[in-house]
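A.B. asks:
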Amino acid sequence: MAYCHDDELDENGKLVVPKEVQDAIRTLISWSGDDPKREGLLDTPARVGRAWREYCQGYDDDPAIHLSRTFEEVGGYHELVLLKDIPFHSHCEHHMAPIIGKASIAYMPTDRVVGISKLARVLHGYARRLQVQERLTAEVANCIYNNLQPEGVAVVIEAQHGCMTGRGVRTPGVGMVTSKLLGCFLDDQRSRKEVMSLMGY
Ligand SMILES: [Zn+2]
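Written out as structure tokens, the structure reads:
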């Protein structure tokens, strides 16, 4: 069950972080080996609480809404639309460690297009949650495919995972690439080659 937020603000306009949330973070600090009563850590629980609400803003977002306003006047343009190398932040659901990467999102319009920034909004709506990269890739592609109903969608995500670079096998610099192709990009080899080469793969 997710927490029910009532988003009270303090006198400085900052989000009030409930005591039990701060206690949980103090426990985690102790468990990690430090003293939560140490001066430098006194305000950390509240800061971490607020930071996590921001990292996970996507839970308050319905990404499909960003695709509800479309333009039908495309001046006879029936070629693919690509937004390339969009930087994003997410967190892995296994370690709550950062995922930092870039996404390229393309679609082949039928009779309508969306404002180009909306594709990035869909990405952030799903990225700002606890994620696995494979699901993030599929959610972005499916959202665009189902709501915009284009001929095809291609999403390629390349990211580094904090849980790989900072712990475990500790291999910085290794990127993971995932892709989800739908419609014409899945069925038609020429369209697929075109979109992948435009994305730089
Ligand atoms: Zn992880």
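Residue numbers are given in the working numbering: position 125 of the sequence shown equals residue 125, and the series is strictly consecutive.
The beta-carbon is built from N, C-alpha and C at its ideal position, and this holds for glycine as well.
1) Whose beta carbon lies closer than 7 Å to any heavy atom of ligand 1, going through the chain in order?
2) In three-state DSSP terms, what is L83?
3) Going along the chain, which unbroken runs of the beta strand (DSSP E) with 3 or more residues stay wholly within the stretch 40-83?
4) Going by other Cβ atoms of all chains shown within 10 Å of its Cβ, with 16 needed for buried, is Q189 buried or exposed?
5) Which two residues bound the contiguous beta strand (DSSP E) that contains V180?
6) In chain order, what residues of the same chain have a beta carbon less than 8 Å from the beta carbon of R112, not counting five sequence neighbours either side?
7) I25 to H95, Cα distance in whole Å?
8) In the DSSP assignment, the alpha helix (DSSP H) including M199 goes from what residue to what residue?
9) Give a yes or no on contact between the stretch 92-108 and the stretch 37-49, applying the rule of three or more CB pairs nearer than 8 Å.
10) Under 8 Å by Cβ, that's how I've got R129 and G49 pegged, so tell me the actual separation to the nearest angstrom.
11) Please report how far the alpha carbon of L80 lies from the alpha carbon of V174, in whole angstroms.
12) DSSP three-state label for M1, please.
13) Let me know if Y201 comes out buried or exposed under the rule of 16 or more other beta-carbons within 10 Å of its beta-carbon.
14) Who does K102 pair with in a DSSP beta bridge?
15) In whole angstroms, what is the alpha-carbon distance linking P63 and S90?
16) When you compare each of V132, M108, P109, Y145 to V270 by their alpha carbons, which one comes out closest?
C.D. replies: Reading it off the structure:
1) C92, H94, H95, A97, H161, C163
2) strand
3) none
4) exposed
5) Checking the sequence, you will find Lys at residue 180 rather than Val. K180 -> beta strand (DSSP E) spans 176-183.
6) T70, F71, E72, V74, L148
7) 15 Å
8) 189-199
9) no
10) Contact flag wrong, Cβ pair sits at about 17 Å.
11) 30 Å
12) coil
13) exposed
14) P87, E158.
15) 15 Å
16) Look at the range of the chain in this structure, 1 to 201, and you will see that residue 270 is not part of it.
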